[in-house]
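Protein chains in written order, with the UniProt record's numbering: chain Z, 1 to 190; chain R, 1 to 190. Positions of the beta carbon are idealized from the N, C-alpha and C atoms, including for glycine. Keep in mind the model is a prediction, meaning the values are calculated, not measured. What follows is a single structure, written as structure tokens, with notes after it.
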DNA sequence: CAGCAACGCTAGCGGTGCTAGGGTTTCGGT
DNA sequence: ACCGAAACCCTAGCACCGCTAGCGTTGCTG
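What follows is the structure in structure tokens.
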């Protein structure tokens, strides 16, 4: 029994090492730099070992994304908790969201622009993702009015996502980001 | 002179054939299916010919994107022109935008999610892109209030872009699209 | 008609994600 | 204690990618 458990533990550790290596490499040089060969070299095993843990590169990215959901959710919870009033809550949550995307671009990409094989609008949504979404929902709830809260939240989220992706790809001037964010917050407060 | 002009004409035709082939292939099977080899086979020339017309695959995608800007601008102009009132103009323009993205996903990707080497937030923006942006601006102008019109337009655009990309990547339920669109339109009208 | 320049081809480079097959090590039963 | 079996991981390679060097041919020019 002891050797069995040891091997399982080592295997789990190696899996974490793969995810950590992918995450670090992606944060440092972007996802294009994350190749199965470099990943294998990083964990000091051969390429095929990766495939005994994950179905493919997409699955590795998905695993990294799941970690990202936890980070984002934590940031959003903190932002909303420290807000003085409902209006400020929307602003702080929005700022926290875009800051996260700006500071962890590779993580954000894995979560929201790449890696499609994660469950989103279906059952089995990662709990941390649901946590983050709930924070957005609570922030905009006072401003929902007659509209369905879920629809308002999703639309608010889309606005944030659009701002982030268009700015990051050079389609929007970074200098005007605060102004745009203020507009969005304005439209989803009161 | 005659042979010279003939060759230039043939060259121009071949360039158009490359763009058309890339566009058709992308619309039919997505950009992943557009490889330089398939493209070369499609125009019945060898691979290196492509590189005498374009710097690389990205440049070909950029050329396709430019054509897309014209289509989108036309759709937006038509939508706004036929609207009965300002409120309806925002709704129609928004619907036209998302419909375009939904019906021409590959085109939309080339324009707004891939191909970064196009000028956007700088000088030299493709005129058709500016035309489309201007239509969005005119639509939301009545609802800008004290906010800077450009910032409002960019934010509205971001909302549309976010809705489209999150839905297309499976992050938002397609069934609720109209509801979300209505929310966005609501927040950028009146 | 000779020389030259433009042109488009074949072949190949270095890279990608992924997999088949075989050795080696470790385990379990006699 | 040993032997068969199973688990494990590595080497080598497949098919593909974007892109380019170098050559042969074609067709124009003086």
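Between the Cα of residue i and the Cα atoms of the options, which residue gives the shortest distance?
i, options, result
"residue 150 of chain R", "R/161, R/130, R/169 and R/162", "R/130"
"residue 177 of chain R", "Z/81, Z/154, Z/13 and Z/101", "Z/154"
"residue 174 of chain Z", "Z/126, Z/102 and Z/127", "Z/102"
"residue 217 of chain R", "Z/189, Z/180, Z/171 and Z/146", "There is no way to answer for residue 217 of chain R, as the model of chain R reaches only from 1 to 190."
"residue 128 of chain Z", "Z/144, Z/143, Z/111 and Z/11", "Z/111"
"residue 234 of chain Z", "Z/61, Z/18, Z/28 and Z/148", "The requested residue 234 of chain Z does not occur in the structure, where chain Z is confined to residues 1 to 190."
"residue 168 of chain R", "R/138, R/144 and R/108", "R/108"
"residue 182 of chain Z", "Z/92, Z/20 and Z/106", "Z/92"
"residue 191 of chain Z", "Z/42, Z/144 and Z/29", "There is simply no residue 191 of chain Z to check, as chain Z begins at 1 and stops at 190 in what is shown."
"residue 21 of chain Z", "Z/9, Z/48 and Z/60", "Z/60"
"residue 62 of chain Z", "Z/106, Z/172 and Z/10", "Z/106"
"residue 148 of chain R", "Z/46, Z/190, Z/144 and Z/184", "Z/184"
"residue 170 of chain R", "Z/152, Z/122, Z/47 and Z/137", "Z/122"
"residue 136 of chain R", "R/89, R/49 and R/48", "R/89"
"residue 87 of chain R", "R/10, R/138, R/33 and R/164", "R/138"
"residue 100 of chain R", "R/172, R/164 and R/33", "R/164"
Would you grab the beta carbon distance between residue i and residue j for me? Rounded to a whole angstrom, and I think it's under 8 angstroms.
i, j, result
"residue 269 of chain R", "residue 31 of chain R", "Residue 269 of chain R lies beyond the range of chain R shown here (1 to 190); nothing can be said about it."
"residue 57 of chain Z", "residue 36 of chain Z", "6 angstroms"
"residue 104 of chain Z", "residue 162 of chain Z", "About 18 angstroms separates the two Cβ atoms, so there is no contact after all."
"residue 120 of chain Z", "residue 140 of chain Z", "Contact flag wrong, Cβ pair sits at about 19 angstroms."
"residue 191 of chain Z", "residue 26 of chain Z", "The structure shown has nothing for residue 191 of chain Z, since chain Z only spans 1 to 190."
"residue 189 of chain Z", "residue 143 of chain Z", "5 angstroms"
For residue i, count the other beta carbons within 10 Å of its own beta carbon; 16 or more makes it buried, fewer makes it exposed. Which is it?
i, result
"residue 85 of chain Z", "exposed"
"residue 124 of chain R", "exposed"
"residue 117 of chain R", "exposed"
"residue 96 of chain R", "buried"
"residue 98 of chain R", "buried"
"residue 23 of chain R", "buried"
"residue 159 of chain R", "buried"
"residue 126 of chain Z", "buried"
"residue 7 of chain R", "exposed"
"residue 28 of chain R", "exposed"
"residue 187 of chain R", "buried"
"residue 38 of chain Z", "exposed"
"residue 94 of chain Z", "buried"
"residue 12 of chain R", "exposed"
"residue 1 of chain R", "For residue 1 of chain R, the predicted model reports a pLDDT of 47, less than 50, meaning its position is unreliable and no value from the coordinates is stated."
With a threshold of 7 angstroms (Cβ to nearest heavy atom), would residue i be considered close to the ligand NAD?
i, result
"residue 65 of chain R", "Of the ligands one can find in the structure shown there are none, so the ligand NAD has no counterpart to examine."
Notebook entry, point to check: For the 8 angstroms Cβ check, are there 3 or more pairs between the region 68-82 of chain Z and the region 129-147 of chain R?
Noted result: no
| message | Which complete alpha helix (DSSP H) runs does the UniProt DNA-binding region "H-T-H motif" (35-54) of chain R hold, if anything under 4 residues is left out? | response | 36-43 and 47-53
(message) Quick check on the DSSP output: what are the complete alpha helix (DSSP H) runs of length 4 or more inside the region 109-184 of chain R, in order along the chain?
(response) 127-140 and 149-168
Note to self: With three or more beta-carbon pairs closer than 8 angstroms as the criterion, would you say the region 67-75 of chain Z touches the region 39-55 of chain Z?
What the structure shows: no
Residue ranges of each alpha helix (DSSP H) within the region 52-108 of chain Z, 4 or longer: 57-81 and 86-103
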